[in-house]
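Trainee: Each residue of the sequence shown is one higher than the last, beginning at 8 in our numbering.
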Amino acid sequence: MLRVGFLLAGVVLFVYLALELGPDSILSLLRQIGWSILVVCLVYGVYILLRAAALHQCVLKREGLAYRHILGIHFSGEAVKNLTFGGTLFSEPFKAVLLKRSGLQTSGAFAATLTESLAHITVSAALALIALTYVVRHMDLGDALEDGARIIILVVAAFLLHSFLTGWFRLHWAGNITNAVARLHWLPRRITPDATVVYKVEDVLFSIVRQKPKRCVGIIVIELLAQCVLVFELFLILTFLNLHFPLSYPFLIEAAAKFIRVAFFFLPLQIGAAEGVFSVLFEAFGLLSAAGFTFSVVRRLRSLVTSGVGLFTIWHLTK
Numbered sequence: 008m009l010r011v012g013f014l015l016a017g018v019v020l021f022v023y024l025a026l027e028l029g030p031d032s033i034l035s036l037l038r039q040i041g042w043s044i045l046v047v048c049l050v051y052g053v054y055i056l057l058r059a060a061a062l063h064q065c066v067l068k069r070e071g072l073a074y075r076h077i078l079g080i081h082f083s084g085e086a087v088k089n090l091t092f093g094g095t096l097f098s099e100p101f102k103a104v105l106l107k108r109s110g111l112q113t114s115g116a117f118a119a120t121l122t123e124s125l126a127h128i129t130v131s132a133a134l135a136l137i138a139l140t141y142v143v144r145h146m147d148l149g150d151a152l153e154d155g156a157r158i159i160i161l162v163v164a165a166f167l168l169h170s171f172l173t174g175w176f177r178l179h180w181a182g183n184i185t186n187a188v189a190r191l192h193w194l195p196r197r198i199t200p201d202a203t204v205v206y207k208v209e210d211v212l213f214s215i216v217r218q219k220p221k222r223c224v225g226i227i228v229i230e231l232l233a234q235c236v237l238v239f240e241l242f243l244i245l246t247f248l249n250l251h252f253p254l255s256y257p258f259l260i261e262a263a264a265k266f267i268r269v270a271f272f273f274l275p276l277q278i279g280a281a282e283g284v285f286s287v288l289f290e291a292f293g294l295l296s297a298a299g300f301t302f303s304v305v306r307r308l309r310s311l312v313t314s315g316v317g318l319f320t321i322w323h324l325t326k
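Written as structure tokens, this is what we have:
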């Protein structure tokens, strides 16, 4: 019920912003994009292809698992992420379950999904760190926003350092925490977690980082290319909206957008919040606030198209 309440609040915020920014302005901007949204969908499709390629590389034993099968699994995960309240928290385990149904062991399936997700998060965090550092050094944000940005920079830098040390020194954080929880005597037996499986998942993840450095670098490169595709998508949308902007803006705005899902994880689909943040962000960069709202709507539309493909692949993979 709490999630439903947040969803309704997000819808109310979405409607309020649309009325405040002017429905006529937003509709006019959407008409400017018109059928060009198909180009946006195709570009986002390239992003999905790259993410699926990264996931394919994360599967250590790929006997019988063709790339097109992994691609279907990733499309299925996109549908779950975009159409459910759980978002990424549901989509990643769902992809792992589909991998397990495809013949992988439980530890291998979850390790592959976790490795790709962590690689994606790490690359996103690194790009966001670069962008935020640039913004703090070269733009006038005001004291309050600048202090907040510096705090975020420190948090992201700490996350990246923690990720590197964990992978390099094989620190079983998740396994040790699970083992500690399993030792709690008051915990009911039926919900006692199995630390053995968690240790196996972490070992598979570490084997990619330490024992297969070429594959690890390949995964990072693919994830980096995927992020470049998102920046190019943003560039295209701004161009279709007939906005004038420096070439650095798509990168900076895309990097800033990484924090929306994190900051508003409690809000299903980040509806309303994403539109509000992009409206403020576009205004801060000297662009139209209504264009920021429209940009968010366009990305929702292409996500719905992707989700439609994902629903078909879910039917195909589970029939």
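Note that beta-carbon positions come from the ideal geometry of N, C-alpha and C, so glycine has one too.
Quick one: what does DSSP say residue 177 is sitting in, helix, strand or coil?
Mentor: In this structure, residue 177 counts as coil in the three-state DSSP scheme.
Trainee: What's the gap between the Cα of residue 23 and the Cα of residue 296?
Mentor: Taking the straight line joining both Cα atoms gives about 14 Å.
Trainee: Reducing DSSP to helix, strand and coil, say where residue 259 ends up.
Mentor: Residue 259 falls in the helix class under three-state DSSP.
Trainee: Tell me which residues share the same chain as residue 19 and place their Cβ nearer than 8 Å to its Cβ, disregarding the 5 neighbours each side in the sequence.
Mentor: Counting only Cβ-Cβ distances below 8 Å, and skipping sequence neighbours, we find 279.
Trainee: Check the C-beta distance from residue 116 over to residue 163 and give it rounded, since I have them as a contact under 8 Å.
Mentor: Contact flag wrong, Cβ pair sits at about 29 Å.
Trainee: Would you call the CB atoms of residue 259 and residue 74 closer than 8 Å?
Mentor: No.
Trainee: Roughly how far, in whole angstroms, is the beta-carbon of residue 121 from the beta-carbon of residue 262, given that I think they are within contact range, below 8 Å?
Mentor: With 8 Å as the limit, residue 121 and residue 262 do not qualify as a contact, their Cβ atoms being about 24 Å apart.
Trainee: Do the region 104–111 and the region 85–92 touch if we need at least three Cβ pairs shorter than 8 Å?
Mentor: No contact exists between the region 104–111 and the region 85–92.
Trainee: Using 8 Å as the threshold, is the region 245–253 in touch with the region 59–66, meaning 3 or more CB pairs across them?
Mentor: No, they do not touch.
Trainee: Regarding residue 31 and the ligand ATP, is the C-beta to nearest heavy atom distance less than 7 Å?
Mentor: This structure does not include the ligand ATP; it has no bound ligands of any sort.
Trainee: Going by the beta-carbon positions, is the gap between residue 250 and residue 281 smaller than 8 Å?
Mentor: No, they are not a contact pair.
Trainee: Between 292, 211 and 322, which has its C-alpha nearest residue 112's C-alpha?
Mentor: With distances taken between Cα atoms, residue 112 lies closest to 211.
Trainee: For residue 126 versus residue 143, is the C-beta spacing smaller than 8 Å?
Mentor: No; because the gap between Cβ atoms is not below 8 Å, this pair is not in contact.
Trainee: Could you compute how far the alpha carbon of residue 238 sits from the alpha carbon of residue 257?
Mentor: Going by the C-alpha atoms only, they are around 6 Å apart.
Trainee: Would you mind working out which of 285, 31 and 310 sits nearest residue 94, comparing C-alpha positions?
Mentor: With distances taken between Cα atoms, residue 94 lies closest to 310.
Trainee: Note down the Cα distance separating residue 154 from residue 161, rounded to an integer number of angstroms.
Mentor: Distance between the alpha carbons of residue 154 and residue 161 is about 11 Å.
Trainee: Short check: CB of residue 301 to CB of residue 37, under 8 Å?
Mentor: Yes, the Cβ-Cβ distance between residue 301 and residue 37 is below 8 Å.
Trainee: DSSP three-state label for residue 312, please.
Mentor: Three-state result, residue 312: helix.
Trainee: Residue ranges of each alpha helix (DSSP H) run of no fewer than 4 residues wholly in the region 17–88, ordered along the chain?
Mentor: Entirely contained in the region 17–88, the alpha helix (DSSP H) runs reaching 4 residues are, in chain order, 30–40 and 44–65.
Trainee: Taking buried to mean at least 16 other C-beta atoms within 10 Å of its own C-beta, is residue 81 buried or exposed?
Mentor: Residue 81 is buried by the Cβ-count criterion.
Trainee: When the Cα of residue 17 is compared with those of 102, 55 and 284, which residue comes out closest?
Mentor: That would be 284, whose Cα lies nearest to the Cα of residue 17.
Trainee: With a cut-off of 8 Å on the beta carbons, I'd call residue 215 and residue 61 a contact; round off their distance for me.
Mentor: So it is not a contact: roughly 11 Å between Cβ atoms.
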